[in-house]
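Trainee: Below is one structure. I have some questions about it.
2 protein chains.
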Amino acid sequence: MELLLRSPLDMHLHLRQDEMLDVVAPLSAQHFAGAVIMPNLIPPINSLERLLCYTTEVKRAAGDHRFDPYMTLFFRDYTHEELVAAKPFIIGIKLYPAGATTNSESGVSQIMAMEHVYEMMQELDIPLLVHGETHGFVMDREHEFCDVYRNLATRFPRLRITMEHITTEAAVSLLDEFENLRATVTPHHLLLTLDDVVGGLMNPHVFCKPVAKRPEDRAALLAAALLTHPRLMMGSDSAPHPVDRKESSGCAAGIFTAPIILPLLVELFDKHNALEKLQAFVSDNARRLYGVEPPTTTVHLVKEQMTIPMSYGSVVPMWAGRTISWRVAEVS
Amino acid sequence: MELLLRSPLDMHLHLRQDEMLDVVAPLSAQHFAGAVIMPNLIPPINSLERLLCYTTEVKRAAGDHRFDPYMTLFFRDYTHEELVAAKPFIIGIKLYPAGATTNSESGVSQIMAMEHVYEMMQELDIPLLVHGETHGFVMDREHEFCDVYRNLATRFPRLRITMEHITTEAAVSLLDEFENLRATVTPHHLLLTLDDVVGGLMNPHVFCKPVAKRPEDRAALLAAALLTHPRLMMGSDSAPHPVDRKESSGCAAGIFTAPIILPLLVELFDKHNALEKLQAFVSDNARRLYGVEPPTTTVHLVKEQMTIPMSYGSVVPMWAGRTISWRVAEVS
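Line by line, the protein sequences give chains F and H. With the working numbering, the residue at position 36 of the first sequence is 36, and numbering never jumps. With the working numbering, the residue at position 163 of the second sequence is 163, and numbering never jumps.
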C-alpha cells in the first residue's frame with residue numbers, strides 16, 4: 001500500500017538558530033516543500049534586517065532540498081513604512097501574548113491596544129498569525145482567548161487571521177463563525193490528550209504549549225482534519241529542545257515531530273479510511289489560503305513499519321522508540 | 001511569632017524500603033508523632049508476615065524519635081481469619097484500583113466485586129482507605145470515582161471509609177453527604193493546581209497522582225481545611241523518588257514534602273489567619289476519627305525564614321530552593 005503527497009507544507013515550524021538549526025532544518029526540508037518559520041528567537045525576529053539575515057541562515061541550513069521557507073516577523077508596534085518594506089519577504093506576522101510560550105517574553109501585553117497595526121496589516125493584506133492563549137488556568141487559556149479572536153475577526157473583517165495550533169473544540173467551532181479566520185493544527189494534537197502528558201508517568205517529550213487538552217477536544221480537531229475543513233491547515237509546531245532542557249526540573253514546552261510528521265499523519269488518516277483527504281490538509285488548503293506556490297515535489301509513502309529513532313542529535317522526538325506503520329520511501 | 005503543635009500526625013505517608021526508607025523515615029519521625037504508612041511496596045504488603053517485618057524495618061529506620069507507625073495492609077481478597085489476625089497490627093486496609101498510581105499493579109480491578117471483604121471489614125471495624133480514581137481522563141478520575149464512594153458508603157454504613165488525598169470540589173462535597181466518609185488532604189493539594197505542573201515550564205517535582213486540579217478545586221479543599229471540617233485530616237502523601245526517576249522521560253508520580261510539611265502548613269494557615277485551626281487538622285481530627293493515641297510531643301514553630309534544601313539524599317523536595325516564612329525550631 002502506498003500514498004503520494006504533492007508538495008507538502010508545514011504551516012507552523014520552529015527551526016531555532018545555530019547548531020540546532022543545522023540539525024533540524026534538513027529534517028523538515030527533506031520531506032516538505034515549504035514551511036512557515038516562527039520568529040520567536042532570542043532576540044526575536046522583529047526587524048527586516050534580522051529577518052533577511054535569518055532567511056539566509058535557514059536556506060543555508062536546509063541545504064540542497066527544494067524547500068521554501070515562508071518567513072514571519074515577530075509582532076510589535078510596526079510603522080506603516082516598516083510593514084510596506086517587509087511585506088515582500090514575509091508570509092505574515094506572528095503575535096504572541098507576552099510570556100505565553102518559549103521565548104515570548106517580548107510579546108504583546110494588551111492585544112487590543114495594537115488596533116492601529118492590525119488596521120495597517122489589513123490594508124496591506126498581511127496575514128496575522130496568533131498564538132491564542134490567555135494567562136488563565138492552563139486548560140482554559142485557548143477557550144478564554146476565543147473572545148479575542150472574535151473581537152479581531154469582527155473588527156478587521158478583511159484581515160486574514162490564523163489561529164495557530166488550535167487545541168480545543170471551542171476553536172474548531174470558531175472556524176465556522178468567521179470567514180476570515182483560518183487555523184493550523186498539529187499532528188500531536190490530533191493524537192494526544194493531557195492523559196499522554198500526565199495521565200500515567202509524566203512524559204516531558206509530549207509536553208507543549210498549548211498543552212494537549214481533553215478527549216472531546218481531540219475528537220473535534222480530528223473530525224475537522226479528517227473532513228478537511230477548507231480553512232484548516234497542517235502546522236506541526238515541531239519545536240526542538242535539547243534533551244537536558246526536557247528531562248529537567250523545568251521542562252521546556254515543545255514537541256519535536258519534524259522527521260515523522262508525514263508517517264504519523266498517513267497512519268492516522270489511513271486508520272480512519274481518509275487517506276484521500278490528506279493532500280488538502282497537508283498542502284492544498286495552505287496553498288489556496290496563503291496563495292503560495294511551493295516547489296513541485298512528490299513524497300512517496302509506503303505502508304511499512306518504521307521505528308521512530310530515540311533521538312536526532314540532542315533532540316528526542318515524540319514517541320521515540322515506538323513503531324509506526326508507514327514510512328517515507330522516496331521524495332522526488 | 002510562634003506556634004506550638006501537639007503530637008502532629010501524618011495520616012498518609014510513603015516510606016518505601018531499603019536505602020530510601022533510611023533517608024526518609026527520620027525526616028517524618030523528627031516532626032510527627034505518628035503516621036499512616038502506605039503498603040504499596042514491591043511486592044505489596046499483603047500478608048501479616050510481611051506487615052510485621054515492614055513494621056520492624058520502619059521502626060528501626062525511624063530511630064530514637066517518638067513516632068508511631070500506623071501500618072496498613074494492601075487490599076486483596078482476604079479471608080476472615082486473615083483479617084482477625086491482622087487487626088491488632090493495622091490501622092486499616094488500603095485499596096488501590098489496579099494501575100492507578102506507583103506500584104499499584106496488583107490492585108483491585110472490580111471494586112464492587114469485593115463486597116464480601118468490605119462486609120467483613122465492617123463487622124470487624126477495620127477502616128478502608130481508598131485511592132479513589134477511575135481509569136478515565138486524568139482530570140475526571142476522582143470526580144468519576146465519587147459514585148464508587150457513594151456506593152460503598154451506602155452499602156456499608158458502618159464501614160469507616162477514608163477518601164485518601166482528595167483533590168476536587170466534588171470529593172469535598174461528598175464528606176457532607178455521608179457520615180461514614182472521612183478524607184485526607186495533602187499540603188500540596190492545598191497549594192498547587194495543574195498550572196504549577198504544566199502551566200509554565202513543566203515541573204516533575206510537583207507531579208503526583210491524583211494530579212493537582214483546577215483553581216476552584218484547590219479553593220474548595222483549602223476552605224474545608226481552614227474551617228477544619230471535622231472529618232478532614234492532613235495526610236501528606238509525601239512520596240519520594242530518586243531524582244533520576246523524576247527528571248526523566250517517564251517521570252514517576254509523587255511529591256516529597258515530609259521535612260517541610262509543618263512549615264508549609266503553618267505559613268498557609270497563618271496567611272489565612274487560621275493558625276488556631278491547624279491543631280485539629282494535623283492531629284486532633286485524626287486522633288478522634290481513628291481512636292489513636294500517639295506519643296505526646298510538642299513541635300515549636302517560629303516565624304523565621306527557611307530556605308527549602310535542594311535535595312535530601314537523592315530526593316528533590318517540593319519547592320526546592322524556595323524560601324518560606326516559618327520553620328521548626330524545636331521538638332520536645
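Note that beta-carbon positions come from the ideal geometry of N, C-alpha and C, so glycine has one too. All of these numbers come straight from a predicted model, not from anything done at the bench.
Does the beta-carbon distance from M318(F) to H205(F) come in below 8 angstroms?
Mentor: Contact: yes.
Trainee: Three-state secondary structure (DSSP) at E133(F)?
Mentor: If DSSP states are grouped into helix, strand and coil, E133(F) belongs with coil.
Trainee: With which residues is V330(F) paired in a DSSP beta bridge?
Mentor: The sequence shown places Glu at residue 330(F), not Val. E330(F) is bridged to H300(F).
Trainee: Is there a Cβ from chain H that is less than 8 angstroms from the Cβ of L159(F)?
Mentor: Chain H, which has no Cβ nearer than 8 angstroms to the Cβ of L159(F), makes this no.
Trainee: Nearest-angstrom Cα distance between T168(H) and T257(H)?
Mentor: Going from the Cα of T168(H) to the Cα of T257(H) covers about 20 angstroms.
Trainee: When you compare only the Cα positions, how much space is there between L264(F) and W326(F)?
Mentor: Cα to Cα, L264(F) sits roughly 8 angstroms from W326(F).
Trainee: Could you tell me the alpha carbon to alpha carbon distance between R155(H) and H189(H), rounded to whole angstroms?
Mentor: Going from the Cα of R155(H) to the Cα of H189(H) covers about 29 angstroms.
Trainee: Grouping DSSP H, G and I as helix and E and B as strand, with all else coil, what is K209(F)?
Mentor: DSSP places K209(F) in coil when its eight states are reduced to three.
Trainee: Kindly list the residues whose CB is nearer than 6 angstroms to the CB of S106(F), restricted to its own chain and excluding five residues on each side of it in sequence; keep chain order.
Mentor: Excluding sequence neighbours, S106(F) sits near P44.
Trainee: Closer than 8 angstroms by C-beta to P242(F): which residues in its own chain qualify, once you throw out the five before and the five after it? Chain order, please.
Mentor: M20, S314 and V315.
Trainee: Quick check: I93(H) and L129(H), are their CB atoms within less than 8 angstroms of each other?
Mentor: Yes, these two residues count as a Cβ contact at 8 angstroms.
Trainee: Contact check, H31(H) vs T184(H) under 8 angstroms by CB: the rounded distance?
Mentor: With 8 angstroms as the limit, H31(H) and T184(H) do not qualify as a contact, their Cβ atoms being about 17 angstroms apart.
Trainee: Is the Cβ-Cβ distance between K150(H) and N180(H) less than 8 angstroms?
Mentor: Residue identity check: residue 150(H) is Arg in the sequence provided, not Lys. Contact: no.
Trainee: Please check the pair N46(H) and R76(H), which I expect to be a contact at CB under 8 angstroms, by giving their CB distance rounded to whole angstroms.
Mentor: 5 angstroms between Cβ atoms; contact.
Trainee: At what residues does the beta strand (DSSP E) containing K94(H) begin and finish?
Mentor: Unbroken beta strand (DSSP E) run through K94(H): G92 to L95.
Trainee: On the DSSP letters alone, give me the boundaries of the beta strand (DSSP E) that T184(F) sits inside.
Mentor: Unbroken beta strand (DSSP E) run through T184(F): L181 to V185.
Trainee: Short of 6 angstroms in beta carbon distance, which residues of its chain neighbour A286(F), apart from the five on each side in sequence? Order them along the chain.
Mentor: Cβ within range, chain order: L9, M11 and M233.
Trainee: In whole angstroms, what is the alpha-carbon distance linking V117(F) and R182(F)?
Mentor: Using only the alpha carbons, I get a separation of about 20 angstroms.
Trainee: Check the Cβ of A252(H) against every Cβ in chain F and list those closer than 9 angstroms, keeping chain order.
Mentor: Neighbours of A252(H) on chain F, chain order: L201 and M202.
Trainee: For T79(H), count the other beta carbons within 10 Å of its own beta carbon; 16 or more makes it buried, fewer makes it exposed. Which is it?
Mentor: Classification for T79(H): exposed.
Trainee: For the beta strand (DSSP E) that contains V282(F), what are its first and last residues?
Mentor: Here V282(F) belongs to no beta strand (DSSP E), and DSSP marks it neither H nor E.
Trainee: For T193(F), which residues in chain H fall below 9 angstroms Cβ to Cβ?
Mentor: Within chain H, the residues near T193(F) are F137 and V138.
Trainee: Going straight from the alpha carbon of L278(F) to that of A33(F), what length do you get?
Mentor: So the alpha carbons of these two residues sit roughly 15 angstroms apart.
Trainee: If contact means a Cβ-Cβ distance below 7 angstroms, which residues of the stretch 164–186 of chain H contact chain F?
Mentor: Those would be none; no residue qualifies.
Trainee: Extract the residue ranges of the beta strand (DSSP E) inside the stretch 221–269 of chain F, only unbroken runs of 3 or more that lie entirely within it.
Mentor: Qualifying beta strand (DSSP E) stretches, in chain order: 232–234.
Trainee: Evaluate D125(F) with the Cβ neighbour count: other Cβ atoms within 10 Å of its Cβ, from every protein chain shown; 16 or more gives buried, anything less gives exposed.
Mentor: It counts as exposed.
Trainee: Rounded to whole angstroms, what's the CA-CA distance from A171(F) to S249(H)? Just pull it up for me.
Mentor: When rounded, the distance between both Cα atoms is 30 angstroms.
Trainee: Going along the chain, which residues of the stretch 206–233 of chain H sit with their C-beta nearer than 7 angstroms to a C-beta in chain F?
Mentor: Flagged, chain order: F207, V211, R214 and P215.
Trainee: I91(F) to L221(H), Cα distance in whole Å?
Mentor: So the alpha carbons of these two residues sit roughly 49 angstroms apart.
Trainee: Output yes or no for whether 8 angstroms exceeds the beta carbon distance between A239(F) and T72(F).
Mentor: Against a cut-off of 8 angstroms, the Cβ pair of T72(F) and A239(F) comes out as no contact.
Trainee: Helix, strand or coil for P346(H), going by three-state DSSP, please let me know.
Mentor: One cannot answer for residue 346(H) here, as it falls past the ends of chain H, which runs 1 to 332.
Trainee: Apply the 10 Å Cβ neighbour rule to C53(H) and answer buried if 16 or more other Cβ atoms are within range, or exposed otherwise.
Mentor: C53(H) is exposed by the Cβ-count criterion.
Trainee: With a threshold of 8 angstroms between beta-carbons, can E133(H) be considered close to chain F, or not?
Mentor: No, E133(H) does not count as interfacial toward chain F.
Trainee: What does the alpha-carbon distance come out to for the pair E276(H) and G132(F)?
Mentor: One C-alpha to the other measures close to 45 angstroms.
Trainee: Can you list the beta strand (DSSP E) stretches of 3 or more residues lying completely in the stretch 139–193 of chain F, in chain order?
Mentor: Whole beta strand (DSSP E) segments, 3+ residues: 161–163 and 181–185.
Trainee: How long is the line joining the alpha carbons of R288(F) and L95(F), rounded to whole angstroms?
Mentor: Roughly 22 angstroms separates the two Cα atoms.
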